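Engineer: In this note's numbering, the protein residues as written are 9 to 252.
Each residue gets a CB set at the ideal place from its N, CA and C atoms; glycine is no exception.
Here the structure is a predicted model, which is why all the values come from computation and not from measurement.
Before I ask anything, let me first share the structure, which is written out below as structure tokens.
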């Protein structure tokens, strides 16, 4: 549980971000992080999540991410079984996200990028800027304490130490940046690990709806609403305009 105790403490958190849990499927953390990203920034696709064809053993899954995991000629049951167990690389997840936006003719206003970054303050600040802009970030890491995992970062908290606030498919939620940076490494397809790095998936372009945002400075909370025109407005100002 995080605590806002002094005037120098600050938290910024995106609100109304859908939360999906991976349950007992350890390999599905990247899948559910990708779904939460899409549900937040491309809500029109949420009706397709978890959907299958009438004859699922023969035809392609209709769920956008699952559909991009297999080809029509593949034995999708075997491929998906491997995916459920072994998980997914963030780089591959981003490739699928961009392929989905293109296939649904959405790539003109939204695009995703994958980067491997060092666990430094500059990386933390990069995540902060994305959150400040109303854009969640998928974070992938491999650590002794947390294992190999992917979460959707939806906020940050700065007090005596720096924290990330996430929708964690595994249920944990908050990550201490110092602890994460001291032990994280990145798995590569060759089987090697790069020490002190993390995987990030983030938006490089987004013209569309963004979630509401809560900013707590000390004990004062302010909530902002995203409005057309690519900007955030204090919710109290919106109510003032209505009453006037």
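Given 8 Å as the limit, is there contact between the region 160-178 and the region 109-121, that is, 3 or more CB pairs closer than that?
Structural biologist: Not touching, per the Cβ criterion.
Engineer: Among the candidates 156, 146, 232, whose CA atom is the shortest distance from the CA of residue 43?
Structural biologist: Nearest C-alpha to residue 43: 146.
Engineer: Taking all protein chains shown into account, decide if residue 111 is buried (16 or more other Cβ within 10 angstroms of its Cβ) or exposed.
Structural biologist: Exposed, since its Cβ has fewer than 16 Cβ neighbours within 10 Å.
Engineer: Between residue 120 and residue 98, what straight-line distance do the alpha-carbon atoms span, to the nearest angstrom?
Structural biologist: When rounded, the distance between both Cα atoms is 11 Å.
Engineer: Measure the beta-carbon distance from residue 22 to residue 213 and round it to whole angstroms, keeping in mind my assumption that it falls under 8 Å.
Structural biologist: Rounded, the Cβ-Cβ distance is 18 Å, inconsistent with contact.
Engineer: Would you identify the three-state DSSP class for residue 42, choosing helix, strand or coil?
Structural biologist: Looking at residue 42 - three-state DSSP - the assignment turns out to be helix.
Engineer: With the cut-off set at 8 Å, would you say residue 209 and residue 101 are in Cβ contact?
Structural biologist: Going by C-beta atoms, residue 209 is nearer than 8 Å to residue 101.
Engineer: Considering Cα atoms alone, identify which of 37, 156, 160 is closest to residue 48.
Structural biologist: Looking at the Cα atoms, 160 is the closest of the given residues.
Engineer: Just tell me which of 243, 178, 127, 239 has its CA closest to the CA of residue 158.
Structural biologist: The shortest Cα separation from residue 158 among 243, 178, 127, 239 belongs to 178.
Engineer: Locate the beta strand (DSSP E) running through residue 151, then write down its first and last residues.
Structural biologist: 145-151 is the span of the beta strand (DSSP E), which, as asked, contains residue 151.
Engineer: Helix or strand or just coil, what does DSSP make of residue 23?
Structural biologist: Coil, per DSSP.
Engineer: Assuming residue 122 and residue 245 make a contact with CB atoms under 8 Å, what is their CB distance in whole Å?
Structural biologist: Incorrect: roughly 37 Å between the Cβ atoms, too far for contact.
Engineer: Just to check my reading of the structure: residue 218 and residue 143 have Cβ atoms closer than 8 Å, yes? What is that Cβ distance to the nearest angstrom?
Structural biologist: Their Cβ separation, rounded to whole angstroms, is 7 Å, which keeps residue 218 and residue 143 in contact under 8 Å.
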